[in-house]
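*Asks:*
Numbering (our numbering), first residue to last: 46 to 111.
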C-alpha cells in the first residue's frame with residue numbers, strides 16, 4: 046500500500062488516513078503481516094466465524110432499537 050505507486054481511485058481520504066496511521070505505527074513498532082487461510086478446516090476458525098456472525102446479528106438488533 047505504501048509502495049509500488051499504488052493509487053486508490055475511491056475512498057481516497059480513508060486510504061490517505063490509513064497510510065499515515067500505518068507509517069506512524071511502523072516508526073515505533075516491528076509489524077509482521079501474514080496470510081491466513083479461510084475459516085474452513087482451521088481449528089478454532091469455524092467457531093470464531095460463527096461467534097462473529099452471532100455478534101454481528103446481535104449488534105444489528107441493538108442498532109435497530111435506537
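Note that beta-carbon positions come from the ideal geometry of N, C-alpha and C, so glycine has one too.
The model shown is predicted, which means the values in this text are computed figures rather than measured ones.
1) What is the DSSP secondary structure of residue 89, counted as helix, strand or coil?
2) Can you grab the Cα-Cα spacing for the pair residue 183 / residue 72, in whole Å?
3) Note the first and the last residue of the continuous alpha helix (DSSP H) segment covering residue 57.
4) Within 10 angstroms of the Cβ of residue 46, are there 16 or more other Cβ atoms? Answer buried if so, exposed if not.
*Replies:* Inspection of the coordinates gives the following:
1) Here the question's residue 89 lines up with position 44 in the chain shown. Three-state result, residue 89: coil.
2) The requested residue 183 is not part of the displayed model; the chain covers only 46 to 111.
3) Here residue 57 corresponds to residue number 12 of the chain shown, with the count starting at 1. Counting along the chain, the alpha helix (DSSP H) containing residue 57 begins and ends at 57-73.
4) Position 1 of the chain shown, counting from 1, holds the residue named residue 46. For residue 46, the predicted model reports a pLDDT of 49, less than 50, meaning its position is unreliable and no value from the coordinates is stated.
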